[in-house]
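Worksheet: one structure, shown below.
Numbering (the working numbering), first residue to last: 215 to 351.
Set out below in structure tokens:
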């Protein structure tokens, strides 16, 4: 299943290995989901991993990315995606919608209210973590 995971979901799954997000990490390790990335979402991930609150140095960031990027599929999102997508009220979240559309994702997984309120208005599902997890219960 091709999915788009927002940055907060990926960071939680990668940095808190014993937290409540270990299940989603196991899904990509086992090949049950294929997270999609593109240039902008990968850049966003790298930027967030560099936040001082995480205390990661460059080698740590590289190690974290090695636990994720090899399990992803890269999509080229060339320019604006066709007009069938709604505009997200948070412009920083629009790249996740564009990626999901361009990559033909089945689901965009997010805890972000600006994205979740667009559920049912896109050609792919937009689900909170709990709902997405129920698919694998």
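We treat Cβ as the ideally placed atom computed from N, Cα and C, and that holds for glycine.
Cβ shell of residue i (< 6 Å), same chain only, five flanking positions each side left out
{"i": "residue 285", "result": "242"}
{"i": "residue 252", "result": "289, 291, 313"}
{"i": "residue 218", "result": "250, 310, 313, 314, 319, 322"}
{"i": "residue 245", "result": "none"}
8 Å Cβ cutoff met for residue i and residue j
{"i": "residue 221", "j": "residue 259", "result": "yes"}
{"i": "residue 345", "j": "residue 300", "result": "no"}
{"i": "residue 282", "j": "residue 228", "result": "yes"}
{"i": "residue 317", "j": "residue 263", "result": "no"}
Contact with chain B by residue i, beta-carbon distance below 8 Å
{"i": "residue 317", "result": "In the displayed structure, chain B is absent; only one protein chain is listed."}
Neighbour-count burial assignment, residue i, 16 or more Cβ in a 10 Å radius
{"i": "residue 273", "result": "exposed"}
{"i": "residue 239", "result": "buried"}
{"i": "residue 305", "result": "exposed"}
Nearest-angstrom Cα separation, counted from residue j out to residue i
{"i": "residue 322", "j": "residue 225", "result": "15 Å"}
{"i": "residue 270", "j": "residue 257", "result": "16 Å"}
{"i": "residue 338", "j": "residue 320", "result": "5 Å"}
{"i": "residue 216", "j": "residue 232", "result": "25 Å"}
{"i": "residue 275", "j": "residue 267", "result": "13 Å"}
{"i": "residue 255", "j": "residue 342", "result": "18 Å"}
{"i": "residue 248", "j": "residue 303", "result": "27 Å"}
{"i": "residue 327", "j": "residue 223", "result": "13 Å"}
{"i": "residue 261", "j": "residue 279", "result": "12 Å"}
{"i": "residue 235", "j": "residue 308", "result": "24 Å"}
{"i": "residue 349", "j": "residue 277", "result": "29 Å"}
Same chain, Cβ closer than 7 Å to residue i, neighbours up to 5 away in sequence not counted
{"i": "residue 340", "result": "322, 324, 329, 330, 332, 333"}
{"i": "residue 237", "result": "347"}
{"i": "residue 193", "result": "Past the edges of the chain, shown from 215 to 351, lies residue 193, and the structure says nothing about it."}
One or two residues paired with residue i in a DSSP bridge
{"i": "residue 175", "result": "This structure gives no information on residue 175, because the portion of the chain shown stretches from 215 to 351."}
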